[in-house]
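**Q** Structure incoming, see below.
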Amino acid sequence: MQNTETTSGLLEALAFTLGSEEYGINILKVQEIRGYDAVTKIANAPEFIKGVVNLRGVIVPIVDMRIKFNLGTPTYDQFTVVIILNIGERVVGMVVDSVSDVITLPPEQIKPAPEMGTALNTDYLIGLGTIDQRMVILVDIDRLMSSAEMGIIEKMAA
């Protein structure tokens, strides 16, 4: 028996992989999931910005999260996907190794992120979600994509 109080506190997240780790972002930010296609390179863009694509008339910057999080040399194969995000007034694409599933986490299954010198600045983390034996790193995608270094995306999309 579920009541509305328990369901309203749930976080629905899209789980995806980068290297050996599993990450999650709020499903409400996801517009669509696409296969990785060729992008148009932009001169002088940071390395993690692969370029832009034309998505039904909207120019969408594509960020490779594997490069952004310094997770080794990215490979592009049939599992590589682009998650198209709606962040504020912007549309941004995010390249990840693969998308696993949508997970639903109640607040008690979300623990604060430990402070450690990881590749991912903990300012961008909501916390760690645990489901059975899985640990999912929950990313605050709004904060990450709005950070100062990502400001270049706004300039590119303009």
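Letter by letter, the sequence shown follows residues 0 to 157 of numbering that gives the first Met the number 0. All residues carry an ideal CB built from backbone N, CA and C; glycine is no exception.
One question on the structure: do Val29 and Leu13 come within less than 9 angstroms of each other, judged by their Cβ atoms?
**A** Position 30 of the sequence shown, counting from 1, holds the residue named residue 29. Position 14 of the sequence shown, counting from 1, holds the residue named residue 13. Result yes, Cβ atoms of Val29 and Leu13 sit closer than 9 angstroms.
**Q** Could I get the ranges of all uninterrupted beta strand (DSSP E) runs contained in the stretch 40-107, with 3 residues as the minimum, in chain order?
**A** 48-54, 57-63, 80-86, 89-95 and 97-104
**Q** Residue range of the alpha helix (DSSP H) that Leu13 falls in?
**A** Looking up residue 13 in the sequence shown gives position 14. Premise fails: Leu13 lies in the beta strand (DSSP E), Leu10 to Leu17, not in any alpha helix (DSSP H).
**Q** Exposed or buried, what is Asp122 when buried is set at 16 or more other beta-carbons lying within 10 Å of its beta-carbon?
**A** Indexing the sequence shown from 1 puts residue 122 at position 123. Under this definition Asp122 is an exposed residue.
**Q** Report the three-state DSSP secondary structure of Tyr22 (helix, strand or coil).
**A** For the purposes of this step, residue 22 is taken as the residue at position 23 of the sequence shown. Residue state, collapsed to three classes: strand.
**Q** State the beta-bridge partners of Arg33 as determined by DSSP.
**A** If you number the sequence shown from 1, residue 33 lands on position 34. BP columns for Arg33 point to Val81.
**Q** Locate the alpha helix (DSSP H) running through Leu143, then write down its first and last residues.
**A** Locating residue 143 in the sequence shown gives position 144, counting from the first residue. Where Leu143 is concerned, the enclosing alpha helix (DSSP H) stretches over Ile140 to Ser145.
**Q** Do you know offhand how far Pro60's Cα is from Val51's?
**A** Taking the sequence shown and counting its residues from 1, one reaches residue 60 at position 61. Taking the sequence shown and counting its residues from 1, one reaches residue 51 at position 52. If you draw a straight line from the Cα of Pro60 to the Cα of Val51, it comes to about 4 angstroms.
**Q** Less than 8 angstroms between C-beta atoms, sequence neighbours within five positions excluded: which residues of the same chain meet that for Leu17?
**A** Indexing the sequence shown from 1 puts residue 17 at position 18. Here the set comprises Met64, Arg65, Phe68, Leu70, Val95 and Asp96.
**Q** In angstroms, rounded to a whole number, what distance separates the CA positions of Glu46 and Val62?
**A** The count along the sequence shown starts at 1 and reaches residue 46 at position 47. The count along the sequence shown starts at 1 and reaches residue 62 at position 63. C-alpha of Glu46 to C-alpha of Val62: approximately 9 angstroms in a straight line.
**Q** From Asp131, Glu11 and Ile26, pick the residue whose C-alpha is nearest to that of Val86; which is it?
**A** Within the sequence shown, residue 86 is the residue found at index 87, counting from 1. In the sequence under discussion, the amino acid at residue 86 is Ile, which differs from the Val named in the question. Taking only the C-alpha atoms, the option nearest Ile86 is Ile26.
**Q** In whole angstroms, give me the CA-to-CA distance for Gly126 and Tyr35.
**A** Position 127 of the sequence shown, counting from 1, holds the residue named residue 126. Position 36 of the sequence shown, counting from 1, holds the residue named residue 35. So the two alpha carbons sit approximately 28 angstroms from each other.
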